[in-house]
Amino acid sequence: MGRVIRRLLAASGLALVGLLVAPAPSALAVETIPSYDVRIDVRANGTFHIREEIAYDFGTAQRHGIFRTIPVRYTYDDTRDRVVTIKGLRVVSTTGAPSGVQTSTESANLVVRVGDPDRTVTGRQVYVLDYDVSGALNAFPDHAELYWNAVGPEWEAAIDRVTVRVSGPVPVTRSTCVAGYRGAEDPCQQAAQDGGAATFAQSALGPYQGVTVVVAWPPGSVAVPGPDLEERFSLGRAFSATPWTVAGALAVVAIGLGGIGYLLWTRGRDRRYRGEVPGLKPVAGQVGVEEPRPLFTPAAGAVEFRPPEGVRPGQVGTLLDEVANPLDVTATIVDLAVRGYLHIEELERAHLFASRDWVFRQRKPADAELVPYERSLLDAIFSGRSEVRVSELKRTFASDLAKVQKQLYADVVAHGWFRRSPQTTRTWWRLIGIGCVVVGAGLTYLLARYTHAGLLGVAAVLSGLVLLLVARRMPARTAAGSAELARVLGFRQYIRTAEAEQLRFEERTDVFSRYLPYAVVFGETERWAKAFASLAAVTAAGGAGQVLPWYSGPGGWDFGRFGDSMRSFSDTTAGAIAATAASSGGSGFSGGSSGGGFGGGGGGSW
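Mapping of the sequence shown onto numbering that gives the first Met the number 0: position 114 corresponds to residue 113, and the numbering continues sequentially without gaps.
Here you go:
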């Protein structure tokens, strides 16, 4: 019984060993190259023709074909590469395998892909590659030399047999051959000179082993032009700081900045009326003569105790900074509330850290008293509904805001304060700036790639960037716009310094409300509210609605909190209406090694 058990254990052990040493299924598909035959015919003009016949056995693997890498760029010295040219590439398959060719350059190699991406092959296939080479011969005082990697040390498959034959216009005088891994100096198994040609043979090359041949002819028998050299690209040389490149770059910058300065001087300066008091609008019957406003001349005029007649808060904001921004639209909403078109109610917060929210309730529809941008704003806010929360406008109002802003720009042009829309002017000059940057970038690439004058292109890019930066300064007010701006600035000075105690008490609520939208535009909301702090007492006594009929707060709210409420309202509403939807050439006879010559490379299957 024990003997039987021992036999069973022994049989099980053998089976286990068999499983461990059995080849994996993928190993059965090992690819090999049964034969690799190379024929090199050197011509008297220094070019040579290569014919490679490669028998490639794919085994059971299904592949599209083979690929061949041929080095064409070699380091020559610290700054230059030697370039070898491959021309006239042709590929056929004597076994009928697909032989379509696609070539590309990758790093220093020409990559030849042979086959068809829509078809596969298996088993043994034969590919014949023909191509011409120039720029790969070396000249020495006593001979002309071909130092060529007939089989490069980058083939992924083992090669059973390599044969190489090199012929020339006259008989070969010397030849040698080395094989093995890159850097090896072992001679090939067979090397001979037969009938003026050199022949070599090597068997059993492993993956990443190659064969390099060195063949010589008498001096003068083969033309050997100087090596084709190309400067190796480097950032340091491409952007060399030589006297002339630095001077040229400074000249480009000077011309660019000078041109931009000229544009600012002639196109970007506000105009003003000429007169005894420069800038003032001429009285009726007088003809206003315009002139550019001198630099460093303030536009502010005398203090104004009321806003310019007929000038709305949104118009003031656009005239002030030449931008119809969301804050100007928010101030317009407040102004519409003050004028009775809607009511603003601040809602109770769910808890201390909850966001504030407000509800707009429409009181009357748009009428003839509203200018186009106000009418569009009121219609867009309610849009078939009688009330809406500020939070509901978030990410849904952006397109309506753009329409209102466009109409606001058109409004200030219609008033004659700008010759054209400030936004259009900024956009136009930004496009010119972008164009200058793009052209400068292209110029930088070309100069850096083919010369050492990349700094000149950088200077052009910098000029374009400066134009982009100053594009916002290009809108210019007309003389009428400057005159109106002076009055607006005078009114802003009043908002900043006014004291409510100077007014009769019954006037305070009216003045506070009517001027509040302008305070919003000027960024003086809290200061304006503090100036009218005395209204808080009335609020406490009679209720919020008795003081501000257009605004009401939650329970416990009084006018003393209005400054904080309005600051938060301005910030929240401006953000909500603007939010968008998410969404070398050494000799091979003096220490030649495998892989040390021109040519070579390797390949594999794909």
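Heads up, the beta-carbon is just placed ideally off N, CA and C, and yes, glycines get one too.
Give the secondary structure of residue i by DSSP, where H, G and I count as helix, E and B as strand, and everything else as coil.
i, result
"L18", "Bear in mind that the predicted position of L18 carries a pLDDT of just 40, short of 50, making it too unreliable to give a figure here."
"V389", "helix"
"Q422", "helix"
"T317", "helix"
"V223", "coil"
"L88", "strand"
"Q188", "coil"
"F295", "coil"
"E525", "helix"
"R72", "strand"
"Q545", "Since pLDDT at Q545 reaches only 45, below the 50 mark, its modelled position is unreliable, and the value read off the structure follows with that caveat. If DSSP states are grouped into helix, strand and coil, Q545 belongs with the helices."
"W147", "strand"
"Y340", "coil"
"T241", "coil"
"D399", "helix"
"D141", "coil"
"W154", "strand"
"W216", "strand"
"Q101", "strand"
Out of curiosity, what's the CA-to-CA distance linking residue i and residue j?
i, j, result
"V171", "G247", "55 Å"
"F396", "Y408", "18 Å"
"G600", "I85", "13 Å"
"A532", "V436", "54 Å"
"S604", "Y55", "9 Å"
"S98", "P152", "24 Å"
"A470", "K393", "30 Å"
"L109", "A459", "36 Å"
"P24", "V150", "Only weak support exists for where P24 lies, its pLDDT of 41 falling under 50; the coordinates are left without a value."
"T477", "L346", "44 Å"
"F511", "A528", "8 Å"
"W243", "A447", "15 Å"
"G255", "R311", "40 Å"
"F304", "A530", "15 Å"
"L613", "S133", "Absent from the structure is residue 613, since the part of the chain shown begins at 0 and ends at 605."
"V177", "A183", "7 Å"
"A96", "I49", "21 Å"
"A539", "L547", "Because A539 sits at a pLDDT of 48, beneath the cut-off of 50, its placement in the model cannot be relied upon, and the point is left open."
"T496", "R513", "17 Å"
"A301", "A485", "8 Å"
"S106", "R270", "59 Å"
"L442", "V487", "47 Å"
Could you round the C-beta distance between residue i and residue j to whole angstroms and report it? I think they count as a contact, below 8 Å.
i, j, result
"G58", "V90", "Their Cβ separation, rounded to whole angstroms, is 22 Å, which puts G58 and V90 out of contact at 8 Å."
"W444", "P306", "In the sequence on display, residue 444 carries Tyr and not Trp. The Cβ separation is near 54 Å, so there is no contact."
"I39", "D159", "So it is not a contact: roughly 21 Å between Cβ atoms."
"E373", "L335", "7 Å"
"V520", "V315", "5 Å"
"V165", "S220", "The Cβ separation is near 14 Å, so there is no contact."
"A365", "L377", "5 Å"
"P474", "E289", "Actually they are not in contact, since the Cβ atoms of P474 and E289 sit about 16 Å apart, beyond 8 Å."
"V111", "R67", "4 Å"
Among the options, which residue has its Cα nearest to the Cα of residue i?
i, options, result
"L228", "T74, R112, A485", "T74"
"V370", "H414, G559, E391", "H414"
"R80", "E230, G45, D159", "First, the residue type needs correcting, since residue 80 is Asp and not Arg in the sequence shown. Nearest of E230, G45, D159 to D80, Cα basis: E230."
"R42", "T31, S390, L136", "L136"
"P291", "T571, Q208, S481", "S481"
"F359", "W556, G122, G552", "G552"
"V214", "N148, L335, A470", "N148"
"T508", "V337, D410, F521, L400", "V337"
"T317", "L351, Y340, Q404", "Q404"
"T93", "V82, I53, I49, D76", "I53"
"D77", "D366, F295, S233", "S233"
"V127", "Y449, I332, E51", "E51"
"V387", "I576, D36, S103, G179", "I576"
"A578", "D36, G313, Y35, S398", "S398"
"Q208", "G179, D366, N324", "G179"
"I343", "E483, V82, S569", "S569"
"T175", "A191, R270, A143, V161", "A191"
"V573", "T265, F139, T329, V457", "In the sequence under discussion, the amino acid at residue 573 is Ala, which differs from the Val named in the question. Per the Cα distances, T329."
"C187", "G205, G456, V212", "V212"
"G383", "A401, K363, E368", "K363"
Is residue i near the ligand SAM, going by C-beta to nearest heavy atom under 7 Å?
i, result
"T162", "Summarising the ligand content, the structure contains no ligands, and the ligand SAM is consequently not present."
**Message:** Across the stretch 342-356 and the stretch 564-576, are there enough close Cβ pairs to call them in contact, namely three or more that are closer than 8 Å?
**Reply:** Here the stretch 342-356 makes contact with the stretch 564-576; the two share three or more CB pairs at distances below 8 Å.
**Message:** Does the structure place the stretch 457-476 close enough to the stretch 429-438 that three or more beta carbon pairs sit under 8 Å?
**Reply:** Taking 8 Å as the limit for Cβ pairs, the verdict is that the stretch 457-476 does touch the stretch 429-438.
**Request:** Count the CB pairs spanning the stretch 61-73 and the stretch 105-121 that are closer than 8 Å, and state whether there are at least three.
**Result:** The answer is yes - the stretch 105-121 touches the stretch 61-73, with three or more Cβ pairs under 8 Å.
**Request:** Pair every Cβ in the stretch 199-207 with every Cβ in the stretch 236-251, then say whether three or more of these pairs are closer than 8 Å.
**Result:** Contact fails: fewer than three Cβ-Cβ distances are below 8 Å.
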